[in-house]
Amino acid sequence: LRNHPSIFLWCGGNEFSVGRNRRAVEVMAAAAAAEDGRRPFVPASPGASDSHNWQIWHGLAPLAAYRHEMAAMVSEFGLQATPAAESLRQFLTDEELWPPGGGWQRHNADVEKLDRYANWFLETGEDGLEAFIQASQRAQAAGLQILIEHVRRRKGLTGGLAVWQWNEPWPSICWSVIDYFGRQKLAYETLRCIMQPALVSLDYPLRQYHAGDRLAGRLWLVNDRPDGLADCTLTVSLDGVAAQGVRCDLPCNAARDVGPLVLNLPVAFQHLRLELHHGNNLVAENVYDLCFHDGGPAPVSARINRRAVDVLLR
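Sequential numbering from 20 applies to the sequence shown in the working numbering.
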């Protein structure tokens with residue numbers, strides 16, 4: 020493997036205790052140095068500088084907790100989301116399809132956690148398989164968006180991330196963005212927008228909004244390209260109605276706060292859209308679901324369990 024161009028470091032293993040496996044780690048480190056010697060070896064992931072952020076999902080923390088992430092590399096994070104009904108019908112019987120039960124669990128679903136995060140996206144009284152699928156996929160997309168945009172706004176402090184997970188090796192209800200049968204979840208389109216070299220981003224309070232509320236946040240531009248663009252136009256629209264426009268420059272290889280955004284929300288609202296244009300060219304776009312709001316904090320028992328896992332991995 021050492022000549023493969025995608026390898027930039029060697030890692031001793033995933034989510035295990037280095038202290039209790041020190042001899043094995045020493046052997047692997049010596050082998051990596053002898054056979055390669057050009058790329059660094061790290062004992063384990065997560066380690067001193069990378070994070071597997073499972074406070075959200077396993078720790079039941081609200082999605083806004085992603086904004087507390089300060090690691091140099093976020094090498095695992097994500098949420099399970101239910102695949103499309105067409106996919107579920109290919110591996111569950113009609114009796115197992117709804118409500119969630121043993122069939123879901125045999126195919127990797129953590130029903131309690133799916134329910135917790137999906138409930139924040141369900142309208143009052145909304146029920147049924149299709150509504151649950153939509154809500155769980157919206158939760159996954161929102162979680163990935165919050166963490167990735169936070170990390171990209173920290174350009175220079177956090178250097179990378181790895182989404183868990185892109186696809187899946189068997190029909191399941193899991194963290195994938197593309198299911199076993201090749202069907203995309205809602206997060207796929209979110210990732211398409213926010214993982215472009217140029218990102219337009221809004222940092223705003225993740226609370227419940229009502230008609231007439233004031234939405235106040237900060238607009239950001241992030242660019243991973245070595246070249247910037249002068250004299251761009253950043254437009255803000257709410258459900259297709261133009262709300263604000265800003266003249267700005269896209270910085271080269273940097274993240275920049277370009278100023279405040281303040282909007283008074285109308286009677287009906289859902290999606291806020293940002294677009295960055297250079298002349299007639301669309302450089303970056305992004306969409307926010309303003310009907311999303313976080314639930315309450317994680318239960319004390321979940322926080323204790325996550326702390327115990329962190330101690331065991333030392």
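Ideal Cβ placement from N, Cα and C applies to all residues, glycine included.
Is the beta carbon of leucine 163 closer than 7 angstroms to that of tryptophan 117? no
From the DSSP output, in three-state form, read off glycine 263 for me. Note that residue 263 is glutamine in the sequence shown here, rather than glycine. Glutamine 263 falls in the strand class under three-state DSSP.
Using 8 angstroms as the cut-off, can you tell me whether the stretch 184-192 makes contact with the stretch 41-56, which would need three or more C-beta pairs spanning the two stretches below that distance? no
Rounded straight-line distance, which links the Cα of serine 220 to that of alanine 104: 32 angstroms
Sequence-distant residues of the same chain with beta carbon closer than 8 angstroms to glutamate 34, five excluded per side: Ala63, Ser64, Pro65, His71, Leu332
Do you know offhand how far glutamate 145's Cα is from leucine 284's? 24 angstroms
Around the C-beta of glutamate 54, are 16 or more other C-beta atoms found within 10 angstroms, so that it is buried, or is it exposed? exposed
C-alpha gap between glycine 120 and threonine 112, whole angstroms: 12 angstroms
Distance CB(arginine 292)-CB(serine 256) smaller than 7 angstroms: yes
On the three-state DSSP scale, how would you describe tryptophan 139? coil
Does the beta-carbon distance from proline 311 to alanine 161 come in below 7 angstroms? One point to set straight first is that residue 311 is phenylalanine, not proline, in the sequence displayed. In contact: phenylalanine 311 and alanine 161 (Cβ atoms closer than 7 angstroms).
Same chain only: Cβ atoms within 7 angstroms of valine 286, ignoring 5 sequence neighbours per side: Ala230
List the DSSP bridge partners of cysteine 30. Val61
Can you check which of these residues, Pro224, Glu304, Ala91, is closest to leucine 218 by C-alpha distance? Glu304
Output the distance between the C-alpha atoms of glutamate 142 and arginine 21, rounded to the nearest integer angstrom. 52 angstroms
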